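Visitor:
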Amino acid sequence: MKVLVIGTGNMGSGFIKQFTAAGHHVTVTGRDAAKAQEVAGKFGAKAVSSAGAASGQDAIVLATGYADAVAALRGVGDVSGKTVIDITNPLSADYMSLTLGHDTSAAETIAAAVPQARVVKAFNTVFATVLAEGPDFGSGNKVPVFLASDDAAAKETVKVLAQSAGFDVVDAGGLKNARYLEPLAGLNIYLGYGAGLGTGIAPTWIRKAA
């Protein structure tokens, strides 16, 4: 699959590493061209300028902060019909609270701003450390990726990508359920940093045996 990663920070680097390792053709773009080139070269991906970067891609990973997301997505050219993986969380400056919630979400505002894209909320509950090191926590435990979208085909594309990198996948329903996933990420961040559990954690659900 052809995947464009927008962003070269810790999350962007993790996606580049995992998706190239899974055999996908990964292209990288970011505000700092030199850093994009460096990160791409490290994992065998290709760095490009933002203009027109969306062309020919099967999926686009929006690995930016929420505040930069819409501009970054618009900056890569025509995203009509493209599957866009929104990993953002609308965090406050201290990362300990959300700036949106209850009646909307970051994913919904991005989808409204760029309506031609097929937005899937995913990976927002996964720490960069976990993404970089991989989803296998041992003893048969794998980190889940929760998917929320109103587009079934786009959701399937993201499911295939996530599973190819070894993640479990949980269908979290329509895009409005990003209103639940983003606070879940906020709790995960609090537990990791505020409660001192560290970043080697991930939220999941367990099911009682029948």
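Numbering that gives the first Met the number 0 applies: residue 0 is where the sequence shown begins, and numbers increase by one.
For glycine and all other residues, C-beta sits at the position ideal for the given N, C-alpha and C.
Note that the coordinates shown come from a computational prediction; the quantities given were computed from them, not determined experimentally.
Using the rule of at least 16 other Cβ atoms within 10 Å of the residue's Cβ for burial, across every protein chain shown, is K41 buried or exposed?
Guide: Counting Cβ neighbours within 10 Å, K41 comes out exposed, since fewer than 16 surround it.
Visitor: Would you call the CB atoms of F126 and V144 closer than 8 Å?
Guide: It is not a contact, given that the beta carbons lie outside the stated cut-off.
Visitor: Determine the direct distance from the alpha carbon of A32 to that of V113, and round the result to whole angstroms.
Guide: Roughly 24 Å separates the two Cα atoms.
Visitor: Use the C-beta contact count for M10: other C-beta atoms within 10 angstroms, 16 or more gives buried, fewer gives exposed.
Guide: Per the 10 Å Cβ criterion, buried.
Visitor: Would you say the region 91 to 101 touches the region 159 to 172, given that touching needs at least three Cβ pairs under 8 Å?
Guide: No, they do not touch.
Visitor: I need the boundaries of the alpha helix (DSSP H) containing K1, first residue and last residue.
Guide: K1 -> not in any alpha helix (DSSP H); beta strand (DSSP E) instead, spanning K1 to I5.
Visitor: Taking the alpha carbon of A71 as the reference point, which residue from R206, I109 and L97 has its own alpha carbon closest?
Guide: With distances taken between Cα atoms, A71 lies closest to I109.
Visitor: Are the Cβ atoms of L183 and V168 separated by less than 8 Å?
Guide: Taking 8 Å as the Cβ cut-off, L183 and V168 do not qualify as a contacting pair.
Visitor: Tell me, which residues are paired with H101 by DSSP?
Guide: DSSP output for H101 lists no bridge partner at all.
Visitor: Check whether the Cβ of V38 sits closer than 7 Å to any heavy atom of the ligand SAH, and report yes or no.
Guide: The ligand SAH is absent from the structure shown, which contains no ligand whatsoever.
Visitor: Given this structure, state the Cα-to-Cα distance separating V61 from A209, to the nearest angstrom.
Guide: Inspection of the sequence shows that residue 61 is occupied by Leu rather than by Val. Answer to the nearest angstrom: the Cα atoms are 39 Å apart.
Visitor: Cβ atoms of T19 and A52: under 8 Å apart, would you say?
Guide: Going by C-beta atoms, A52 is not nearer than 8 Å to T19.
Visitor: Within the region 87 to 149, note down every full alpha helix (DSSP H) run reaching 4 residues or more, in order along the chain.
Guide: Here the runs fully enclosed are 105 to 112 and 127 to 132.
Visitor: What does Y45 pair with, by DSSP beta-bridge criteria?
Guide: Per the sequence shown, the amino acid found at residue 45 is Lys instead of Tyr. T26, per the DSSP bridge assignment.
Visitor: By how many angstroms is the C-alpha of K207 removed from the C-alpha of T87?
Guide: Going from the Cα of T87 to the Cα of K207 covers about 31 Å.
Visitor: Does the distance from the C-beta atom of T124 to that of T198 stay below 8 Å?
Guide: Cβ atoms of T124 and T198: not closer than 8 Å.
Visitor: Expressed to the nearest angstrom, what Euclidean distance is found between the alpha-carbon atoms of I205 and Q56?
Guide: Rounded to the nearest angstrom, the two C-alpha atoms are 35 Å apart.
Visitor: In or out: A111 buried (at least 16 other Cβ within 10 Å) or exposed?
Guide: Flag for A111 reads exposed.
Visitor: A194 by DSSP, collapsed to three states: which one?
Guide: A194 falls in the coil class under three-state DSSP.
Visitor: Rounded to whole angstroms, what's the CA-CA distance from T203 to G172? Just pull it up for me.
Guide: One C-alpha to the other measures close to 16 Å.
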